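*Asks:* Protein sequence lines correspond, in order, to chains A and B. First residue of the first sequence: 40, per my numbering; consecutive thereafter. First residue of the second sequence: 15, per my numbering; consecutive thereafter. Positions of the beta carbon are idealized from the N, C-alpha and C atoms, including for glycine. These figures come from a predicted structure and were not determined experimentally. The structure's right below; bear with me while I get my questions together.
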Amino acid sequence: MDIIILFVLLLTAGLMLARAPRNAVLAAWLVSACLIAVLFNQHATSILPLSF
Amino acid sequence: MTCALSRPVYWFLHLWVLAYCVVLLAALVLQFGLGELPCPLCMLQRYGMFLSTLGPVWIILESNRGDLTPQRYQQGLGLAALGALLGAVVAARQIALHVLPGDAGYGMPFLGLHLYSWAFLTFLAVLVAVSGLLILSPVTVSVMDKGPAGEPSPRLSQAVVWLFILLLLANAIMIVFLEGFAWVLPDDPVGYNLLAPTGTP
């Protein structure tokens with residue numbers, strides 16, 4: 040999933056460089072933000088090997 | 015309708031991108047030089063930095079082309095603020111994981127604070143910067159009917175943008191080796207999965 044996130048971030052930067060339409064840039068950025076949020080949710084809700 | 019940024023704001027945006035490039039470069043130096051492999055939350059904070067910095071990068075690119083509009087300027091700053099907010103949430107989560115007395119924290123501290131604490135402070139700084147830029151926009155952004163000819167120092171400006179993109183590419187290549195065929199990174203990575211699979215999910 041991390042690989043997908045970084046490549047979507049790269050795609051977003053590429054769209055910005057290529058003067059892509061504003062909506063395409065915003066959509067790519069939003070997809071990467073959502074993927075990051077999903078990955079964070081997965082890590083935040085996973086069981087931690089804590090001991091006290 | 016296009017707009018032109020005042021010189022201090024234009025170069026401040028470059029300084030902002032450059033500052034995050036230095037942070038991301040330092041993270042790579044720590045990783046490859048000192049063998050400090052990033053945990054999943056560390057990587058998420060890097061993504062937050064990339065996500066946030068795409069905002070000023072967009073503004074700089076549009077400004078250099080003479081295509082910057084007031085709407086695009088505001089949208090760029092909005093992307094930066096949202097990215098920083100996402101990164102700050104992740105950094106706060108990692109701070110909370112190590113907040114108990116006696117916990118040594120993850121990785122080595124730098125100037126008395128762990129890297130995730132520094133990351134949290136940088137995200138706060140971005141939120142403050144975005145607020146300041148928006149408050150000052152009536153005096154720092156001039157709206158005009160015809161697009162300006164572009165900024166006079168595009169070479170230096172392009173160097174900063176390309177440094178950022180190079181760092182993004184370096185992280186993309188690195189993550190392929192670190193994650194390998196696993197779906198997510200292990201909680202405490204000990205090596206590069208693609209080179210020596212550790213059987214993580």
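DSSP beta-bridge partners for residue 17 of chain B?
*Replies:* B/157
*Asks:* Scan the stretch 48-66 of chain A for residues whose Cβ lies nearer than 9 Å to a Cβ of chain B and list them as they occur along the chain.
*Replies:* Within the stretch 48-66 of chain A, the residues whose Cβ lies closer than 9 Å to any Cβ of chain B are, in chain order, 48, 49, 51, 52, 53, 55, 56, 58, 61, 64, 65.
*Asks:* Given residue 44 of chain B, which residues of its chain have a CB within under 6 Å of its CB, disregarding the five upstream and five downstream residues?
*Replies:* 50
*Asks:* Less than 8 Å between the CB atoms is what I'm expecting for residue 180 of chain B and residue 191 of chain B, so what's the real figure, rounded?
*Replies:* 17 Å between Cβ atoms; not a contact.
*Asks:* Run through DSSP, which three-state label would residue 74 of chain A get?
*Replies:* helix
*Asks:* Distance cutoff 8 Å, beta carbons only. Does residue 15 of chain B sit that close to anything in chain A?
*Replies:* no
*Asks:* Applying the criterion that 16 or more other CB atoms from any shown protein chain within 10 Å of the CB defines a buried residue, is residue 48 of chain B buried or exposed?
*Replies:* Classification of residue 48 of chain B: exposed, given that the 10 Å Cβ count is below 16.
*Asks:* Would you please verify whether the beta carbon of residue 50 of chain B is less than 8 Å from any beta carbon of chain A?
*Replies:* no
*Asks:* Identify the residues that DSSP records as bridge partners of residue 127 of chain B: which are they?
*Replies:* Residue 127 of chain B is bridged to B/124.
*Asks:* With 8 Å as the C-beta to C-beta threshold (strictly closer), list the residues of the stretch 51-75 of chain B near chain A in chain order.
*Replies:* 54, 55, 57, 58, 61, 62, 64, 65, 68, 71, 72, 75
*Asks:* Identify each residue in the stretch 171-198 of chain B for which the Cβ-Cβ distance to at least one residue of chain A is less than 7 Å, and report them in chain order.
*Replies:* Correct list: 179, 182, 183, 185, 186, 189, 190, 193, 197, 198.
*Asks:* When the distance is taken between beta carbons, is residue 101 of chain B closer than 8 Å to residue 69 of chain B?
*Replies:* no
*Asks:* Taking 7 Å as the line, does the beta carbon of residue 25 of chain B fall inside it for any heavy atom of the ligand PLP?
*Replies:* Ligands displayed in this structure: none; no statement on the ligand PLP is therefore possible.
*Asks:* When we look at the beta-carbon of residue 52 of chain B and count the other beta-carbons within 10 Å, is it buried (16 or more) or exposed?
*Replies:* buried
*Asks:* Comparing the C-beta of residue 28 of chain B with each C-beta of chain A, is any distance below 8 Å?
*Replies:* With its beta carbon at least 8 Å from every one in chain A, residue 28 of chain B lies outside the interface.
*Asks:* Can you tell me whether residue 31 of chain B is buried or exposed? The criterion is at least 16 other CB atoms within 10 Å of its CB, across all chains shown.
*Replies:* buried
*Asks:* Using a C-beta to C-beta distance shorter than 7 Å, which residues of chain A count as neighbours of residue 104 of chain B?
*Replies:* 79
*Asks:* Can you give me the start and stop residues for the alpha helix (DSSP H) that residue 79 of chain B sits inside?
*Replies:* 54-79
*Asks:* Residue 215 of chain B to residue 119 of chain B, Cα distance in whole Å?
*Replies:* Residue placement at residue 215 of chain B is flagged as unreliable, the pLDDT there being 48, under the threshold of 50; the coordinate-derived value follows with that caveat. One C-alpha to the other measures close to 24 Å.
*Asks:* Under 8 Å, do residue 45 of chain A and residue 210 of chain B count as touching if we go by C-beta distance?
*Replies:* Between residue 45 of chain A and residue 210 of chain B, the gap from beta carbon to beta carbon reaches 8 Å or more.
*Asks:* Within 10 angstroms of the Cβ of residue 54 of chain B, are there 16 or more other Cβ atoms? Answer buried if so, exposed if not.
*Replies:* Residue 54 of chain B counts as buried, since no fewer than 16 other beta carbons sit within 10 angstroms of its beta carbon.
*Asks:* Are the Cβ atoms of residue 52 of chain A and residue 71 of chain B separated by less than 8 Å?
*Replies:* yes
*Asks:* Specify whether the stretch 81-100 of chain B and the stretch 135-152 of chain B touch according to this definition: at least 3 beta carbon pairs, one from each stretch, less than 8 Å apart.
*Replies:* yes
*Asks:* Could you spell out where the alpha helix (DSSP H) holding residue 176 of chain B opens and where it closes?
*Replies:* 168-193
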